[in-house]
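Student:
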Amino acid sequence: MRFWAARLFGTAGQQMLMVAVGWQMYELTGSAWDLGLVGLYQFVPALLLTLVAGHVADRLHRGHIVAACFFTQGVVALTLVLATEGHWVGRSLLLALSVVLGMVRAFQMPAQQALTPALVPPLMLPRAMAFSAAGSQAAIIGGPALGGVIFVAGATAVYGTCVALFAMGSLLVARLGYAHVAAPRAPVSLQTLLAGVQFIWHRKPVLGAVSLDLFAVLLGGAVALLPIYAKDILHTGPWGLGMLRAAPAVGALTMSVVLTRWPLERKVGARMLAAVGVFGLATLVFGLSHNLWLSLAALAVTGGADMVSVVVRQTLVQLETPDEMRGRVSAVNSVFIGASNQLGEFESGATAALLGPVGSVVFGGVGTMLVALMWFRLFPSLAQRDEMLSKR
22 MRFWAARLFG
32 TAGQQMLMVA
42 VGWQMYELTG
52 SAWDLGLVGL
62 YQFVPALLLT
72 LVAGHVADRL
82 HRGHIVAACF
92 FTQGVVALTL
102 VLATEGHWVG
112 RSLLLALSVV
122 LGMVRAFQMP
132 AQQALTPALV
142 PPLMLPRAMA
152 FSAAGSQAAI
162 IGGPALGGVI
172 FVAGATAVYG
182 TCVALFAMGS
192 LLVARLGYAH
202 VAAPRAPVSL
212 QTLLAGVQFI
222 WHRKPVLGAV
232 SLDLFAVLLG
242 GAVALLPIYA
252 KDILHTGPWG
262 LGMLRAAPAV
272 GALTMSVVLT
282 RWPLERKVGA
292 RMLAAVGVFG
302 LATLVFGLSH
312 NLWLSLAALA
322 VTGGADMVSV
332 VVRQTLVQLE
342 TPDEMRGRVS
352 AVNSVFIGAS
362 NQLGEFESGA
372 TAALLGPVGS
382 VVFGGVGTML
392 VALMWFRLFP
402 SLAQRDEMLS
412 KR
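Counting in my numbering, the sequence shown runs from 22 upward without gaps.
1. Going by C-alpha distance, which of V350, I221 and T323 is nearest M390?
2. What residue from A135, L114, G60 and Y62 has the CA that sits closest to A74's CA?
3. From which residue to which residue does the alpha helix (DSSP H) around T257 run?
4. Pull up the distance between the alpha-carbon of G34 and that of T182, whole angstroms please.
5. Could you compute how far the alpha carbon of Q385 sits from the alpha carbon of A296?
6. Count the other CB atoms within 10 Å of the CB of R406; is the residue buried (16 or more) or exposed (fewer)?
7. Helix, strand or coil for H223, going by three-state DSSP, please let me know.
8. Using a Cβ-Cβ cutoff of less than 6 Å, which residues in the same chain neighbour L101 once the five nearest sequence positions on both sides are dropped?
9. Is it true that the CB of T177 sits closer than 8 Å to the CB of T105?
10. If you compare alpha carbons, which of A318, V238 and M328 is closest to T281?
11. Throw me the rounded Cβ distance for the V227 and E341 pair, which I believe falls under 8 Å.
12. So A132 packs on T71, CB below 8 Å; how close in whole Å?
13. In this structure, how does DSSP classify R287 when only helix, strand and coil are distinguished?
14. Going by C-alpha distance, which of G84, L38 and T50 is nearest Q63?
15. Closer than 8 Å by C-beta to V42: which residues in its own chain qualify, once you throw out the five before and the five after it? Chain order, please.
16. State buried or exposed for R413, treating a residue as buried only when at least 16 other CB atoms are found within 10 Å of its CB.
17. Would you say P66 faces chain C, with C-beta separation under 8 Å as the test?
18. Under the rule that 16 or more other beta-carbon atoms within 10 Å means buried, what is L394, buried or exposed?
19. Rounding to the nearest angstrom, what Cα-Cα distance links R23 and M145 in this structure?
20. Do L193 and A318 have their C-beta atoms closer together than 8 Å?
21. According to DSSP, simplified to helix, strand and coil, what is G107?
22. Where do the N-terminal and C-terminal ends of the alpha helix (DSSP H) with A326 fall, by residue?
23. Between which residues of its own chain and A159 is the CB-CB distance below 8 Å, once the five residues before and five after are set aside?
24. What is the rounded straight-line gap between the Cα of S157 and the Cα of L337?
25. Could you give the C-beta distance for A195 and G84, rounded to a whole number, given that I count them as a contact under 8 Å?
26. For R398 and L247, what's the separation of their Cα atoms in angstroms?
27. Can you tell me whether DSSP reads S310 as helix, strand or coil?
28. Can you give the Cα-Cα distance for L69 and H76, rounded to whole angstroms?
29. Going straight from the alpha carbon of A237 to that of T257, what length do you get?
30. For L309, which of V271, A267 and G377 has the nearest alpha-carbon?
31. Could you tell me whether the Cβ atoms of F187 and A268 are closer together than 8 Å?
32. CA-CA distance, H82 and A89?
33. Measure the Cβ-Cβ separation of V87 and Q36 and say whether it is below 8 Å.
34. Using the three-state DSSP reduction, which class does P423 fall into: helix, strand or coil?
This is the structure we're talking about:
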């Protein structure tokens, strides 16, 4: 529960911080390009540091890494408090701190993902993953909303709240009763850095699960086009856009609660592939919808279906991976997640420029369903996987 609460505080702090940084950047520059740069400046350092971060997560105490990452993000938030109050905050500072956040999260994600299996028995891991996802989704829903409400009192109030959340998260993780078993102290080489990539490549169920999630989100992600749908297709206002953005998280939270109560125990591979197919179908329905409530329902279904895929993927990756390699494997998994989200937004924008917003979303939905069908053939070991914990 201590680690769960720490992740809840940390995720809420991250969500609130990004809402405030984005809003403040737009207030300062009025440039949509600069808003995009905030995300890019976080993604690039995270990508470049992936292999190193995974290696560090296997060598050092993972709880200490996560605690240090929360602490550093708290320092970033405190810097923004001082900069805002002192009237020396500006575009360059916000972009520079975005780079710092990207670097910090490059180390946080693999250590955080690899820490959960060390805290719970293997048979409890599916339920623990779903429970953890429920907390994360609650923070993803509540964090931006709370940040928006607090922003009424000014950016300083939001950043100050973030400092408190990161401090609580850091203290909770630092006090975890976790005995880290370090990986053998082999010399650092390209081979040790690439061990996570090689491991995933030679474990076909893991490769199938990770790559399936990459292509599904890459093709099916419609989040980048929600402002266009809200204004030009569904003819709703900012409140409608907020509901559209929240709908997938509501579906994901609901499904994570269901999976916590009734965890997936049999036919997990086939159910993961079926969930991706449902994700594609719901995306197609959203793309063709001109009714706000139908669109909200479709987006909620995408969130729920995606949560099934996420829980199966994360659980398979952690159960198939030896503890001494979990940091490096989790780092590669984090890159797949980041790449699918970032490149998915680019794919949506690029196809929307060619096919229009409706054509782009429909293309993505159909493409996602085709990917699910292809993966049945390409990765039979994944499709035939019965239980999370392999008998071999």
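Glycine is no exception: its CB is placed at the ideal position from the N, C-alpha and C atoms.
Tutor: On the basis of the data shown:
1. Working through the sequence shown from its first residue, we reach residue 390 at position 369. Out of V350, I221 and T323, T323 has the C-alpha closest to the C-alpha of M390.
2. As a first step, residue 74 must be located in the sequence shown, where it is residue number 53. Checking every option, the nearest Cα to that of A74 belongs to A135.
3. By 1-based counting over the sequence shown, the position of residue 257 is 236. No alpha helix (DSSP H) contains T257, which DSSP labels as neither H nor E.
4. Working through the sequence shown from its first residue, we reach residue 34 at position 13. Working through the sequence shown from its first residue, we reach residue 182 at position 161. Straight-line Cα distance between these residues: approximately 8 Å.
5. To locate residue 385, count along the sequence shown from 1; it is residue 364. To locate residue 296, count along the sequence shown from 1; it is residue 275. Residue identity check: residue 385 is Gly in the sequence provided, not Gln. The straight-line gap from Cα to Cα measures roughly 15 Å.
6. As a first step, residue 406 must be located in the sequence shown, where it is residue number 385. The residue is buried, with at least 16 neighbouring Cβ atoms inside 10 Å.
7. For this step, residue 223 is matched to residue 202 along the sequence shown. Helix.
8. Locating residue 101 in the sequence shown gives position 80, where the first residue counts as 1. Cβ neighbours of L101 beyond the five flanking positions: Y180.
9. Position 84 of the sequence shown holds residue 105. Position 156 of the sequence shown holds residue 177. Cβ distance < 8 Å, so T105 and T177 count as in contact.
10. Here residue 281 is taken as the residue at index 260 of the sequence shown, counted from 1. The shortest Cα separation from T281 among A318, V238 and M328 belongs to M328.
11. Translated into the one-based positions of the sequence shown, residue 227 becomes position 206. Translated into the one-based positions of the sequence shown, residue 341 becomes position 320. Here V227 really is in contact with E341; their C-beta atoms are around 5 Å apart, less than 8 Å.
12. Taking the first residue of the sequence shown as 1, we reach residue 132 at position 111. Taking the first residue of the sequence shown as 1, we reach residue 71 at position 50. So it is not a contact: roughly 13 Å between Cβ atoms.
13. Looking up residue 287 in the sequence shown gives position 266. Coil, per DSSP.
14. Locating residue 63 in the sequence shown gives position 42, counting from the first residue. Selected option, being the one with the closest Cα: L38.
15. Within the sequence shown, the letter at position 21 stands for residue 42. Hits under 8 Å: V59, L101, L115, L118 and S119.
16. To locate residue 413, count along the sequence shown from 1; it is residue 392. Below a pLDDT of 50, predicted positions are generally treated as unreliable, and R413, at 48, falls in that range; the measurement from the model is reported next regardless. So R413 counts as exposed.
17. Note that chain C does not occur in the displayed structure, where there is just one protein chain.
18. For the purposes of this step, residue 394 is taken as the residue at position 373 of the sequence shown. Classification of L394: exposed, given that the 10 Å Cβ count is below 16.
19. Position 2 of the sequence shown, counted from the first residue, corresponds to residue 23. Position 124 of the sequence shown, counted from the first residue, corresponds to residue 145. Between R23 and M145, the C-alpha separation is close to 17 Å.
20. Mapped onto the sequence shown, residue 193 falls at position 172. Mapped onto the sequence shown, residue 318 falls at position 297. Not a contact, by the Cβ cut-off of 8 Å.
21. Within the sequence shown, numbered from 1, the residue matching residue 107 stands at position 86. If DSSP states are grouped into helix, strand and coil, G107 belongs with coil.
22. One-based indexing of the sequence shown puts residue 326 at position 305. Its alpha helix (DSSP H) spans residues L313 to E341.
23. Against the sequence shown, residue 159 aligns to sequence position 138. For A159, the CB contacts under 8 Å within the same chain, skipping 5 residues up- and downstream, are L29 and L274 in chain order.
24. Taking the sequence shown and counting its residues from 1, one reaches residue 157 at position 136. Taking the sequence shown and counting its residues from 1, one reaches residue 337 at position 316. Approximately 19 Å between the Cα atoms of the pair.
25. As a working note, residue 195 is residue 174 in the sequence shown. As a working note, residue 84 is residue 63 in the sequence shown. Confirmed, Cβ separation roughly 7 Å.
26. Within the sequence shown, residue 398 is the residue found at index 377, counting from 1. Within the sequence shown, residue 247 is the residue found at index 226, counting from 1. Rounded to the nearest angstrom, the two C-alpha atoms are 33 Å apart.
27. Position 289 of the sequence shown, counting from 1, holds the residue named residue 310. Of the three classes helix, strand and coil, the one that applies to S310 here is coil, per DSSP.
28. Translated into positions along the sequence shown, residue 69 becomes position 48. Translated into positions along the sequence shown, residue 76 becomes position 55. So the two alpha carbons sit approximately 13 Å from each other.
29. Position 216 of the sequence shown, counted from the start, is the residue given in the question as residue 237. Position 236 of the sequence shown, counted from the start, is the residue given in the question as residue 257. If I take the Cα positions, the gap works out to 28 Å.
30. By 1-based counting over the sequence shown, the position of residue 309 is 288. Of the listed residues, the one whose Cα sits closest to L309 is G377.
31. Numbered from its first residue, the sequence shown carries residue 187 at position 166. Numbered from its first residue, the sequence shown carries residue 268 at position 247. No, the pair does not count as a contact, with Cβ atoms beyond the cut-off.
32. In the sequence shown, residue 82 corresponds to position 61, counting from 1. In the sequence shown, residue 89 corresponds to position 68, counting from 1. Going by the C-alpha atoms only, they are around 11 Å apart.
33. For the purposes of this step, residue 87 is taken as residue 66 along the sequence shown, with counting starting at 1. For the purposes of this step, residue 36 is taken as residue 15 along the sequence shown, with counting starting at 1. No, they are not a contact pair.
34. The displayed coordinates of the chain run from 22 to 413. Any statement about residue 423 would go beyond what the structure contains.
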